[in-house]
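Each residue of the sequence shown is one higher than the one before, counting from 3 in the working numbering.
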Amino acid sequence: KMCKPGIPEWAVYGDEKHRKNLINSIYLVEADLEEHNVHINRKYQQMIENEQRADLFYCDDASILIVASNTPSRMAKGAVQQLRAQGIKAGLFRPVTLWPFPIDHLLPLLPHTEKILVVEASNGQLEDELRLALSHAEVVEVPEIHHIRHFGGVLPQLEEIVEKVKQLDVEKIPQA
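Right, here's the structure in full:
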């Protein structure tokens with residue numbers, strides 16, 4: 003099949019006709035760059051206000067919140083079910099968005115949360131996001147934060163999560 007000679011309509015090229023195809027945030031005039039950055043910051047603020055997403059599982063009365071996302075959250079959910087069956091007030095806070103971190107969903111849970119266990123298949127990035135969000139929200143009384151971390155393809159195991167929570171000695175569900 004033969005190609006048409008010339009420059010395609012969609013191409014980025016240095017002439018006036020193709021200029022509209024170049025999307026950038028490089029502005030050489032300082033005032034233009036500042037205006038663009040103000041616009042971008044407004045968009046970020048809208049995202050922070052409107053795009054926070056989280057799944058909460060047994061969080062309403064949890065003494066210990068397990069914070070996990072993606073694949074480790076599957077093991078964490080199973081651990082919460084086992085811990086609840088054993089009378090431990092555990093809940094799973096699963097951020098769906100890591101940015102913006104869903105701090106607005108977490109803040110109402112903190113008054114009854116004694117401890118937080120961050121379970122991740124990485125070297126502390128989720129915990130860093132959690133701590134940063136708590137700091138930006140100016141939370142003064144932060145529950146103790148503990149973690150289970152694995153990386154290089156190794157995943158946290160359900161039994162490991164259950165054992166770690168038991169070691170943390172948190173409030174149990176009152177027996178009737």
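Glycine is no exception: its CB is placed at the ideal position from the N, C-alpha and C atoms.
Excluding its 5 nearest sequence neighbours in each direction, K174 has C-beta neighbours in its own chain below 6 angstroms: G89, I90, listed in chain order. It is roughly 37 angstroms from the alpha-carbon of P158 to the alpha-carbon of N43.
As the crow flies, the alpha-carbon of Q83 is around 8 angstroms from that of A92.
Here S65 is buried: its Cβ has 16 or more other Cβ atoms, across all protein chains shown, within 10 Å.
Nearest to I163 by C-alpha distance, out of A78, V40, S124, is A78. For D34, the enclosing alpha helix (DSSP H) has its first and last residue at 32-52. In this model, I68 and E129 are separated by some 11 angstroms (Cα to Cα). Contact between V40 and K117 fails: their C-beta atoms lie close to 41 angstroms from each other, not under 8 angstroms. For V120, the closest of P102, S75, G155, P104 by C-alpha to C-alpha distance is S75. Bounds of the alpha helix (DSSP H) holding A135 are 127-138. Distance between W101 and S27, taken at the CA atoms: about 21 angstroms. Excluding five sequence positions before and after A56, the CB atoms of its chain that fall closer than 8 angstroms to its own CB belong to F95, R96, P97, V98, T99, P104, H107, L108, given in chain order.
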